[in-house]
Every structure is written in structure tokens, then in C-alpha cells.
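First to last, the protein sequences are chains H and U. Using the UniProt record's numbering, the first residue of the first sequence is number 1, and each one after it goes up by one. Using the UniProt record's numbering, the first residue of the second sequence is number 1, and each one after it goes up by one.
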Amino acid sequence: MTAPAAVTIDRLSKHFGPVKAVDDLSFTVRPGAVTGFLGPNGAGKTTTLRMLLGLVRPTSGRALIGDSPYLELRQPAQTVGASLEASAFHPGRSGLDHLRMFAPQVGVRESRCHELLELVGLDQAKKRRVGGYSMGMRQRLALAYAMLGDPAVVILDEPANGLDPQGIVWLRQLLRAFADEGKTVLVSSHVLSEVQSTVDDVVIIAKGRLVHESSLSDLRTLAAPSVEVLSPTPQRVLELAGTQQWRAEPRHDGVVVLHDVEAPQVGAAAFAANIELHRLSDVGVGLEDVFLRLTGEPTQEVAQ
Amino acid sequence: MSAAIRGEFRKFLSTRMWWILGLAMFAYLVFLGAVMAFSFAFGSTMSAGEAASAGVPQMSGETAATMTYSLTSPLGYVFPLIIGSLLFTNEFRHQTITPTLLVEPRRTILVLAKLVVAAIFGVIIGVLATAGTVVGASPVLALMGDGSYLGSGDVWALIGWSVVVMALWTVLGVAIGGLLTNQVAAIIVIIGFTQFVEPIARVALGAVDALQGVSAYLPGAAADAVLGTSFFGSMGETDLLSRWAGGLVMLAYIAVFALGARFVTLRRDIG
């Protein structure tokens, strides 16, 4: 592996006519961690990655791998391994041939192709044409391509798409191992839940702009649970909240909203205090809700 | 650069298309070689008047042999052009251009590597194609005409130039594919140009005094100049360029399309 290198996106913009696909975007991705690059479809994730990899010319700003733009890297394929679309294969080529044709420029021997195909679980299928591969197999082949040069920076666009649940667990372990080796791992996804058990850091964009950049644990603090309680004796609920030190907020319809607490605790305490409850429901914002709120998509209303 | 060339070799060899097209080309030229040899052999048995009224070119001996063997390029050049173009258009059709440009971000190296690989495969294609014509024509010439003349140095020189010309067509095909990038469009343009536009243009331009000189600069006419013989010429077309000038004209076409591939296609955003 080449020396660890951070990824720096610096005031990057890409305009397609009047459309600002990426708009003054800045963030950094550190080595030794898995960073989730999140946003709804059309947020500008792929365009950002393509600018980072020298495939799309930025309207302004720059994107750096370590200290240089991708196009100026001396050994690009040994520094960065990227898979941008799991469909970028000639259907008539075998999985092995797909890797073999890049091996000379990546600077690896053919034996490395065989090793990787075994690692990603395509050993049996490597001589078959890619046209007959499932989506999950294509993802695995794309991953093998990205790993060819044992790069310090791994960039994967929606790598979990098409993987079965076991595949997702496998991918998670693989990405974790990359980070533990000191690699910089950037993984895009349009679904937070898909990566939330994998990533250390999150970069969230919407409409081409950065809306959030932090560790996953800091993102979690934005998620605040709360509970709605309906009782024939709201006064007693408020008293209970006082003794339990819950922040309570009586609503005009008689419902009491309790913050930073979850339904099982409230239910147990109410039961112990002999308070009759007619309704008890979690209405707090989960991590996914935070993500949806940040990206400007309507949060799911709790059915009343 | 050598790594890029090795990569391009593997790309080319790992799909079936090139040898399917190669076989089709071989079969096509065996057939046409036999047909043309038959027509020349038949023509040489008639008197001049009979031949003219039958529309058969009247040639005999070594001229007939040379003329037949030289048909590889004028009749078969659509194949190397298409095979060459696939080297580029496949990358865009199947989006492998993305991983390709990731392992080799220097666009100029990519274009040069493809041109080099096309030249090398072009020689193989040229040997295959010319062999097809000779295999089809020589038995007919030997049995029905004045002989196959495969012992003649001039005939072998012609065969050598035929291989060179077919290699140049393959290189031009890559360059065209690099500029047009859309596989279907490239194939339609190549077929349309080689089968309709150029044959018509060569005859039409030849018929207009002021434009006579222009037709010699059409790619097919330039290729005939490299061969040193012209099937169209035998049908009353005007003079060809000299061999080296014809070669330069073909290289100029290659350069124009290759520069287009480098500075138009590969300057665009990929994705």
C-alpha cells in the first residue's frame, strides 16, 4: 500500500448549464476510517466522485488525493482504487479478463487477479462471461477491480447495491479491515441505514451542497427520542415527569410529550406509579429521520 | 506506455467480436476473390469487343492476377475499419472507459496505445484478409486464367502492400471510433461511407473536370495509391497519387480522427 492519503474536497462546484449539480462543496476524508458519503439520489455524490477522479472537470474548486489532483498522481491506480458503477463491464468478457486487462497498468501480476477473485468470492465464476453475472457478483467484481493495486484510498459508489444480506455483512467487514490497515475509505450511499453500522464518519450532501459533516456518533446526538403520552390524568403524568426529571411538554389536546426518553421507560414508570395510560408512542427522531431532515426530504409523519 | 499497450492487447483479445468479424471478412474475401478471378479469367477469353459489351474488364496474365489480389482493400476495407472502431466504441458502450481512464488518466497515452495495438492487429487482419483474396482467387486464375502468378515478385510486393493498407485501415478505424464513440453511429458511418459515399464520390468526382484531382484524396483512393493499382482506376478513373503521397493522405486521415478522439472526446466529461 502507498502512504496514507486524505481526500480533500475544496470549494468544488460543477454546473451543468443552470443546474448546480455540485455547489461549493468542501469536506475532508481521513485515513484509517470509513466515511459514508450520503445524500439522496441526484444530490451530486457521483458527480463529486467523478471530479475527484479526474473524469469530470470541475466548474471551480479542486479535489485532492493527498496533495495532488488525481490527474497529477504518479501512480494513480496504486494510490486510489475506485469503483463508480457496477455495470461498467463488457458482457462478453470473463470476470478474470476484466481484471487482467487492467493489471499491466495497475502494475500487478496476473496472480493478483486470481487472488482477488477468490477474496471477493468469484473464484468459481471467474471464467464465466460477466453478462451472466448477478448484480451482486458485478459488485464483487467491481470491488476486486478497486482493490487491484492495494491502494491507500478506496472509493466505492453505492457498493451495497444488489448485495444480499450476507454480502452486506461481508462488505462491512472488508471496509472495516481496510480502515484498520490505515486506508482512506469513502463509500457513497443514498440510504443511511445501509452504511450506519459500517461508517465512522458521515458527509451528507443535498442538492449539491454540504449539509452535515461529522462523526457518526455526533450525528446520533442529533437524533432525539421523545414519547407522546395520552392519559385521563395528564396532571399525574406531568408529576411523574417531574420526579423522573423528564422534560415534559403538555399539548393543548391533552397529550403530554416527553423528551429524551423512550416508550418502554415511560410505560414502566407509569405502571409503577399506577397511572392509567390511553396511548403511549415513540415519536422521536431516529437516525434515519435526522438524515431525511438534513437532506430536506419530508420526514415521515407519525400516524395519529 | 508499454503497460498501456499490454492492457489494450488484453482488452482486444478478450472479446469474441474481432475474430467473428475476422472470419466473416476472410470468408467474404475468399468468395469475392474467386468471383473476380472468374470474371477476369472469363474476360481474357473474349475479344475486346465482346468484353466491352459484356461489361467485363479485359485483363490477362500478371495484370489480371495483380488486379485480383489488390481487391482486398477496395472490397474489404469496411472490416478493418469496424474492427478497429470497436476498440474505442466498446469502451463507451459498456462504460469501461471509466476504469480505463482511472488506471491511465493520461488521455494521450490511451489514444496512442490504442493506435499501436490497432497497427499490430491490423497487420494480422491484413494478412488474414489478403490471404482470403489469394485463397479464393489463385485456384480460379490457375485453372481458368493465365495462372496464379504466385511466383512473381511483383505479385508478392502487391500482397505486402495490401497487408500494410489493411493495417492502416484498422488504425483509422480506432481513430474514427475514438471520435464518434457511439458504437452504432460509428458502424453506420463506416458502412455508409465505404459502401455508398466513397464509391459514388470517386466516380462522380472523376466525371467532373474541376474536381478530378480531389477524388485522389479520398481515403479509398489514397489506399489504392499505396497499393499502386486501382480497381476503380481500371474502370476509367483518373490518376492516383504516388505511393508515398497516398500513404501520407491515409496517415493524415488517421491523425485528424485521432486528434479528434484526444481533444474532443477525451476532453469531455466522462460519466
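Note that CB positions come from ideal geometry on N, CA and C, so glycine has one too.
With DSSP as the reference, label residue i as helix, strand or coil.
i, result
"H/Thr-299", "Annotation note: pLDDT 42 at H/Thr-299 (below 50); position unreliable, coordinate value reported separately. In this structure, H/Thr-299 counts as coil in the three-state DSSP scheme."
"H/Glu-213", "strand"
"H/Phe-271", "helix"
"H/Gln-304", "Confidence in H/Gln-304 is poor, its pLDDT being 36 and thus under 50, which makes the residue's placement too unreliable to answer from."
"H/Leu-294", "helix"
"H/Pro-104", "helix"
"H/His-15", "strand"
"H/Ser-60", "strand"
"H/Asp-150", "coil"
"H/Ser-83", "strand"
"U/Ser-73", "helix"
"U/Val-189", "helix"
"U/Met-208", "Looking at the sequence shown, residue 208 of chain U is not Met but Val. Reduced to three states, the DSSP call for U/Val-208 is coil."
"H/Ser-197", "coil"
"H/Arg-128", "coil"
"U/Ser-148", "coil"
"H/Val-7", "strand"
Name the chain U residues whose beta carbon is nearer than 8 Å to that of residue i?
i, result
"H/Asp-97", "Arg-10, Ser-14"
"H/Arg-93", "Ser-14, Thr-15"
"H/Tyr-145", "Pro-99"
"H/Arg-50", "Asp-269, Ile-270, Gly-271"
"H/His-114", "Neighbours of H/His-114 on chain U: none; closest Cβ ~15 Å, over 8 Å."
In chain U, which residues lie with their C-beta within 9 Å of the C-beta of residue i?
i, result
"H/Glu-85", "Gln-95, Thr-98, Gly-271"
"H/Phe-37", "None at all; the shortest Cβ gap to chain U is about 16 Å."
"H/Ala-5", "Result: empty, since nearest Cβ-Cβ is about 16 Å, beyond 9 Å."
What in chain H is Cβ-close to residue i, meaning under 9 Å?
i, result
"U/Asn-182", "Within chain H, no residue comes near U/Asn-182; the closest Cβ sits about 16 Å away, beyond 9 Å."
"U/Leu-101", "Leu-53, Gly-54, Leu-55"
"U/Ala-4", "Pro-104, Gln-105"
The alpha helix (DSSP H) that contains residue i, what's its start and end?
i, result
"U/Gly-246", "243-263"
"U/Val-127", "107-144"
"H/Pro-234", "234-244"
"U/Val-226", "219-227"
"U/Val-174", "153-180"
"U/Thr-89", "78-93"
"U/Ala-3", "2-13"
"H/Pro-69", "Looking at the DSSP string, H/Pro-69 is not in any alpha helix (DSSP H), and its letter there is neither H nor E."
"U/Thr-96", "U/Thr-96 -> no alpha helix (DSSP H), and no H or E assigned at all."
"H/Gly-167", "165-180"
"H/Leu-52", "45-52"
"H/Leu-73", "It is not in any alpha helix (DSSP H) - H/Leu-73 carries neither H nor E in the DSSP assignment."
"H/His-90", "Per DSSP, H/His-90 belongs to no alpha helix (DSSP H) and is neither H nor E."
"H/Glu-110", "110-119"
Just to confirm, are residue i and residue j a CB contact at a threshold of 8 Å?
i, j, result
"U/Val-155", "U/Ala-64", "no"
"U/Leu-21", "U/Leu-75", "no"
"H/Ile-204", "H/Leu-240", "no"
"U/Leu-150", "U/Ser-162", "no"
"H/Val-130", "H/Thr-79", "no"
"U/Leu-227", "U/Val-165", "yes"
"U/Leu-266", "U/Arg-107", "yes"
"U/Gly-122", "U/Thr-170", "yes"
"H/Asp-123", "H/Leu-64", "no"
"U/Ile-109", "U/Ile-270", "no"
"H/Glu-228", "H/Val-255", "yes"
"H/Pro-225", "H/Asp-260", "yes"
"H/Pro-151", "H/Ser-83", "no"
"U/Leu-172", "U/Met-1", "no"
"U/Thr-68", "U/Ala-37", "yes"
"U/Leu-128", "U/Met-250", "no"
"U/Leu-101", "U/Val-174", "no"
"U/Val-117", "U/Glu-198", "no"
"H/Ala-223", "H/Thr-295", "no"
"H/Phe-178", "H/Val-169", "no"
"H/Leu-219", "H/Val-202", "yes"
What residues of chain H sit near residue i, judged by a beta carbon separation below 7 Å?
i, result
"U/Pro-105", "Gly-54, Tyr-70, Leu-71, Pro-76"
"U/Ala-7", "The question names Ala, yet the displayed sequence has Gly at residue 7 of chain U. Those are Met-101, Phe-102, Pro-104, Gln-105, listed as they occur along chain H."
Which stretch, first to last residue, makes up the beta strand (DSSP E) that contains residue i?
i, result
"H/Glu-228", "226-230"
"H/Leu-280", "279-282"
"U/Gly-271", "From DSSP, U/Gly-271 is part of no beta strand (DSSP E); its letter is neither H nor E."
"H/Asp-201", "201-206"
Going by DSSP, what residues sit across from residue i in a beta bridge?
i, result
"H/Ser-188", "H/Phe-37, H/Asp-157"
"H/Leu-258", "H/Val-227, H/Ala-248"
"H/Leu-25", "H/Leu-12"
"H/Lys-20", "H/His-15"
So which residues of chain U does residue i contact, with C-beta pairs closer than 7 Å?
i, result
"H/Phe-178", "What H/Phe-178 touches in chain U: nothing, since even the nearest Cβ is about 18 Å away."
"H/Ala-82", "Leu-102"
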